[in-house]
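**Q**
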Ligand code: KDG
Ligand code: MG
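In this note's numbering, the protein residues as written are 2 to 403.
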């Protein structure tokens, strides 16, 4: 089953996506998501100029061998560009394997371990009142878990507050926008937000919050303690996690569950966090973590330490990545939750997906492979546009983590 063709396709149906398409000599086509928000062309070049030519003539069935040849064969290891490129190829090869065996990918990863994949939706608003109303709409729509972000008194540009109703999309065409952040109003406001949400919706729905890498360990511990009365499902990315031992300080002070990992790429980025049980959920996603082959390894390692999976699933990853996450999280034993944001309408013209939302869960049918049909002709109607994530500064003008 030799690989005959491999290419990347860039498209912008509402936002940018990079897709890898691999075809075998017997006509099986697999697709993988290679989107790295704001740095899309770097991954496309890594693939087109350096990696895809190496695939031609290889046996598409040898996924494990191809993975190691790409990871070890480059000499330069790890990092978001490398691991996203490997992730997309790996995804496409699992898609091919499923299609050639006429079975969904989850059957190749161990088979169904649950009926559906519980997701959390994104509620947000410019004020606490608006955010409480937004949570109510998700609850009415049947969601069992909701992430809540909000504008707060004294915090004019909060992270995670959308311009539309249900969508949040931070990337801006042309130039990065500037946001400001100061921890004082944030730390005072977030507990008030969750007090108001619990008062309005009660205790039957799981609530989540993303601090988006903005606090220092002491501030994060303070927030974790202040949120304990509202029993969050998790507090996400309380600190930038390059310094993994800083999580010890947070853990010593609070029992609010912690989720980290959306910017990680390999097992080595989270080994200490997991083995010291400094987190409860690992947020790594298929596309950015070397694909299903490597993420399975991370999940099995995490299972030993009571850490659960919770794949990053924003709209800046394509529906192919979400499908891959669903296959993975349908099959993995230590599943936690899946992030779900609706993709822009236009994206569904380009990516025809086989998953659907029902009772707060995403479900997969028995379509072979990943179950996504990629329409390359429609993709060509929406050319790539350069876009950037925002940059954050403090009130005094100094750069802060966005
Ligand atoms: O591209 C950056 C986004 O994916 C990120 O800001 C979203 O933090 C995020 C989340 O939890 O979805
Ligand atoms: Mg996040």
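For each residue, glycine too, the CB sits at the ideal point set by N, CA and C.
By alpha-carbon positions, which one of 202, 235, 181, 8 ends up nearest to residue 141?
**A** Numbered from 1 along the chain shown, position 140 holds the residue referred to as residue 141. That would be 202, whose Cα lies nearest to the Cα of residue 141.
**Q** Quick check on residue 151: does DSSP put it in helix, strand or coil?
**A** For the purposes of this step, residue 151 is taken as the residue at position 150 of the chain shown. In the structure shown, residue 151 sits in a strand (DSSP, three-state: E or B).
**Q** With H, G and I counted as helix, E and B as strand and the rest as coil, what does DSSP make of residue 217?
**A** Position 216 of the chain shown holds residue 217. Of the three classes helix, strand and coil, the one that applies to residue 217 here is coil, per DSSP.
**Q** Residue 185 by DSSP, collapsed to three states: which one?
**A** Here residue 185 is taken as the residue at index 184 of the chain shown, counted from 1. Reduced to three states, the DSSP call for residue 185 is helix.
**Q** So, at 7 Å on beta carbons, what are the nonlocal neighbours of residue 374 in its own chain, with the 5 sequence-adjacent residues on each side left out?
**A** For the purposes of this step, residue 374 is taken as residue 373 along the chain shown, with counting starting at 1. So the qualifying residues of the chain are 353.
**Q** Using CA coordinates, which residue listed in 6, 3, 2, 10 is at the minimum distance from residue 378?
**A** Within the chain shown, residue 378 is the residue found at index 377, counting from 1. Nearest option by C-alpha distance: 10.
**Q** Using CA coordinates, which residue listed in 83, 274, 126 is at the minimum distance from residue 49?
**A** In the chain shown, the residue the question calls residue 49 occupies position 48. Of the listed residues, the one whose Cα sits closest to residue 49 is 83.
**Q** Let's test the definition: count the other Cβ atoms within 10 Å of the Cβ of residue 372 and tell me whether it reaches 16, buried, or not, exposed.
**A** Looking up residue 372 in the chain shown gives position 371. Looking at its Cβ environment, which holds 16 or more other Cβ atoms inside 10 Å, residue 372 is buried.
**Q** Within 10 Å of its beta-carbon, does residue 111 have 16 or more other beta-carbons around it, so buried, or fewer, so exposed?
**A** Residue numbering aside, residue 111 sits at position 110 when the chain shown is read from its first letter. Flag for residue 111 reads exposed.
**Q** Helix, strand or coil: which one does DSSP assign to residue 334?
**A** Along the chain shown, one-based indexing puts residue 334 at 333. Reduced to three states, the DSSP call for residue 334 is coil.
**Q** Are the Cβ atoms of residue 44 and residue 35 separated by less than 8 Å?
**A** If you number the chain shown from 1, residue 44 lands on position 43. If you number the chain shown from 1, residue 35 lands on position 34. Closer than 8 Å, so yes.
**Q** Where does residue 287 land, buried or exposed, given buried means 16+ other C-beta within 10 angstroms?
**A** Your numbering for residue 287 matches position 286 in the chain shown. Flag for residue 287 reads buried.
**Q** Pick out whichever of 3, 16, 331 has its Cα sitting closest to the Cα of residue 346.
**A** Counted from its first residue, the chain shown places residue 346 at position 345. Checking every option, the nearest Cα to that of residue 346 belongs to 16.
**Q** Nearest-angstrom Cα distance between residue 172 and residue 179?
**A** The residue given as residue 172 occupies position 171 in the chain shown. The residue given as residue 179 occupies position 178 in the chain shown. Just so you know, the alpha carbons of residue 172 and residue 179 end up roughly 11 Å apart.
**Q** Checking 8 Å against the spacing of the C-beta atoms, do residue 341 and residue 121 come in under that value?
**A** Within the chain shown, residue 341 is the residue found at index 340, counting from 1. Within the chain shown, residue 121 is the residue found at index 120, counting from 1. Taking 8 Å as the cut-off, the beta carbon of residue 341 is found closer than this to the beta carbon of residue 121.
**Q** Note the first and the last residue of the continuous beta strand (DSSP E) segment covering residue 7.
**A** For the purposes of this step, residue 7 is taken as the residue at position 6 of the chain shown. That run of the beta strand (DSSP E) goes 4 to 12.
**Q** With burial defined as no fewer than 16 other Cβ atoms inside 10 Å of the residue's Cβ, what is the status of residue 381: buried or exposed?
**A** The residue you call residue 381 lines up with position 380 of the chain shown. Exposed is the call here.
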